[in-house]
Amino acid sequence: MQSEKIILGFETSCDETAIALMKGDNLLINKISSQVEIHEKFGGVVPEVASRAHAEMIRNLFHSSINECGIDLSEIDIVASTDGPGLAGSLVVGYNFAKSVAWALEKPFYAVDHMVGHLSAPLIEHPNMEPPFLSLLVSGGHTQIVLVEEWGKYNLLGSTIDDAAGEAFDKLSRFCGFGFPGGPAIQKISEGGDPKKVVLPRPKTSNKFDYSFSGLKTAAVYFLRKLSEEDQLLKKDFAASYQEAIVDSLMDIFVKAIKETGVKNISGGGGVMANSRLREKIVFFSENNNKNLYLPSPRLSTDNAAMICVAAKNELITNKMNIDDIRLSSIIS
Amino acid sequence: MYKLAISTSGEYVSAAIFEEKLLASFVSKTNKGSTGILLNQINELFDKTKASRNDLNALYLDVGPGYYTGLRIGLSVSQGLGGVLGIPIIPVNGLDALAFAAHTSHRKICSLIDIKRNEFAYCEYMPVPGGVTRESDPQVISVENLEIKLSDDADKKLLVGNWDLIENKKILTDSNTKLAEPRFVTAENIYNVGEKIKDYPNFNEINLEYMREPDVTLSKDTLSGNVKFYD
Ligand SMILES: [Zn+2]
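Sequences listed follow chains A and B, in order.
Take 697 as the starting number for the first sequence in the numbering used here and just add one per residue.
Take 522 as the starting number for the second sequence in the numbering used here and just add one per residue.
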């Protein structure tokens, strides 16, 4: 596949309706229509509400994306979309919209795994990133350590046995009335707070690379319930302490995996990777341990369609696929 | 010029292509994960009729009521096609389509669509020359209330749609009630009504007939506390 092909990508696996267009290495447009305001009042993503919103938003987002980057529809060479994992009712909207756009344009359609999208996201800003590398994927839906031995060869070393890291933020934030989504809300409140003020556990699991966050959430809730007026606990100190516990847990196990696998290149992705404290710590670690860090910027860490474009492009190149081959095999499954 | 009609609101996915009259159609029963079926059907219709995508000039869409995921598949596919081909999408209510298909009857027509959770979408119509008129607004009705409604109604009536899902067969076989086809909405039913609609909304104003507010109970444990912080 020639490098200047135009890829149109869709991503609707959770609560972001996202469309991107990429020409070669250049991101022509990367649009995300967030449903945060819609889900805010429920304190979490409500699947049926999310699917309804995707179905209403995608058409306008598609037209405005095409108009804004000033290309003609006929210039699109390939259409890609997330086909999972994610919320089933949300996925069908982007997937079917994307596939019918491909069909109407008589262009090939390529399905991309959402997690491969996150793994590939750093390529947008670091096209030189190469396997093997170890990636920490953290969001409201997933918490995984993945060893990418080579493109297409993904080894899941560990994941959460209960809540995802993002859920740990969301659930506590809901309990405290801090807002939704929990990660950004807690990060904001924790500014200037003392992360050592409240001692919270860093849970361990039986598999050394697995995570567990439900015990942390329970410990925090237990602590808050025992709190009396006289304790004079500042919101920012508690938020900073809770954030620190999550970030420490994430880093402890990730660092263990880095050391044990001996990889030189490290990376990350997912909504929680937009957390500034986590980024600070991962940057600090890589600088002090002589590792190459390929972190997508916060906007490309959270769910987006640019990662779907770059993952599609990367898979086509690594599998030496010609778009005419895909046309035969996967325009209609 | 060709016209395409689609229906994905229930257990059956169907697509049909027209050029003044019906050229070809497909109806398939789906189980869960029907997501690939519709585009496959459309693709086959175009192969079969040798129609070109660019010769398509209108889409007729079953906008429900019905199963939510199915409806969204239909909407997403029509908007993907309509958006690229620059053609209008004409939304058709499935209850209307069922009643219209039975309009040659002389009885009152009761149109019934399963919307899961033991509820139906329901609407009554009277046949008029060349069509039907709505006698009521479409409503959501539980199986129990529907059974009461039908058995209290002494009018001679025709039941179309998902009546096979009513377990109390006594109601269905009383002397005032006749069970009739169609039992589910097809793309052809949709086209037959849609063709008469001259005033349709812009592509971005097409809404699905959900008929119920979304279920907002969060599945996971919903914590909520009353925390007293010092600030
Ligand atoms: Zn994600």
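Every residue gets a Cβ at the ideal spot worked out from N, C-alpha and C, and that includes glycine.
| Asked | Found |
| --- | --- |
| Could you tell me whether any non-hydrogen atom of ligand 1 is closer than 7 Å to the CB of R835/A? | Sequence inspection shows Ser at residue 835/A; the Arg mentioned does not correspond to that position. Correct: S835/A has its Cβ closer than 7 Å to ligand 1. |
| Between the C-alpha atoms of S831/A and N725/B, what's the straight-line distance to the nearest angstrom? | 40 Å |
| Count the other CB atoms, across all protein chains shown, that sit within 10 Å of the CB of S969/A; report buried if there are 16 or more and exposed otherwise. | At residue 969/A the sequence reads Met, which differs from the Ser that was named. Classification for M969/A: buried. |
| Report yes if the C-beta distance between P609/B and A572/B is below 8 Å; otherwise report no. | no |
| Give the residues from the stretch 578-598 of chain B that approach chain A closer than 8 Å (Cβ to any Cβ), ordered along the chain. | Y589, T590, R593, I594, L596, S597, V598 |
| Does D866/A pass the burial test, meaning 16 or more other C-beta atoms within 10 Å, or should it be called exposed? | buried |
| Quick one: which chain B residues come within Cβ less than 8 Å of A751/A? | R593, L596, S597, L729 |
| For G603/B, is the beta carbon positioned less than 7 Å from some heavy atom of ligand 1? | no |
| Quick check on the DSSP output: the beta strand (DSSP E) that includes R655/B runs from which residue to which? | 652-655 |
| Buried or exposed for H627/B, going by 16 or more other Cβ atoms inside 10 Å? | exposed |
| Taking the alpha-carbon positions, what's the L606/B to S786/A distance? | 24 Å |
| Using a cut-off of 8 Å between C-beta atoms, extract the partners of F793/A located in chain B. | S597, V598, Q600, G601 |
| Within the same chain, show all residues whose beta-carbon is closer than 8 Å to that of V943/A, passing over the 5 residues directly before and after it, in chain order. | N971, R973, L974, K977 |
| By a C-beta neighbour count over all protein chains shown, 10 Å radius and 16 as the cutoff for buried, is K677/B buried or exposed? | exposed |
| For I1027/A and K803/A, what's the separation of their Cα atoms in angstroms? | Low confidence applies to I1027/A: its pLDDT is 44, below 50, so where it sits in the model is not reliable, and the reading given next is rough at best. For I1027/A and K803/A, the distance between alpha carbons rounds to 7 Å. |
| Quick check on the burial criterion: 16 or more other C-beta atoms within 10 angstroms. Buried or exposed for F539/B? | buried |
| Considering only DSSP beta bridges, list what S549/B is partnered with. | V534/B |
| What is the residue span of the beta strand (DSSP E) that L582/B lies within? | 577-583 |
| Does any residue of chain E have a CB that is nearer than 8 Å to the CB of P722/B? | Of the protein chains in the structure, A and B, none is chain E. |
| Please return the same chain residues whose Cβ sits closer than 6 Å to the Cβ of G591/B, not counting the five positions on each side in sequence. | T529, S530 |
| Whose C-beta lies closer than 6 Å to the C-beta of F705/B among residues of the same chain, with five residues either side of it excluded? | G531, Y533 |
| Reducing DSSP to helix, strand and coil, say where L525/B ends up. | strand |
| Exposed or buried, which one is P897/A when buried takes at least 16 other CB atoms within 10 Å? | exposed |
| So is the beta-carbon of G966/A under 7 Å away from any non-hydrogen atom of ligand 1? | yes |
| How about S709/A and L757/A: do their beta carbons lie closer than 8 Å? | no |
| Comparing the C-beta of G604/B with each C-beta of chain A, is any distance below 8 Å? | yes |
| Closer than 7 Å, Cβ to any Cβ of chain B: which residues of the stretch 713-745 of chain A, in chain order? | F738, G740, V742, E744, V745 |
| Is it the case that the CB of H750/A approaches a heavy atom of ligand 1 more closely than 7 Å? | no |
| In this structure, does DSSP put L693/B in helix, strand or coil? | helix |
| When the Cα atoms are used, what is the spatial distance from V1036/A to A716/A? | Residue 1036/A falls outside the range modelled here, since chain A spans only 697 to 1029, and no answer is possible. |
| If you draw a straight line from the alpha carbon of K670/B to that of C644/B, how long is it in whole angstroms? | 12 Å |
| For Q731/A and T713/A, what's the separation of their Cα atoms in angstroms? | 8 Å |
| Using a threshold of 7 Å, is the CB atom of D674/B nearer than that to any non-hydrogen atom of ligand 1? | no |
| So H759/A contacts chain B; which residues on that side make the cut at Cβ distance below 7 Å? | G604 |
| Just to confirm the assignment, what range does the beta strand (DSSP E) spanning P648/B have? | 640-649 |
| For a contact meaning CB atoms closer than 9 Å, what does G785/A contact in chain B? | Y589, T590, R593 |
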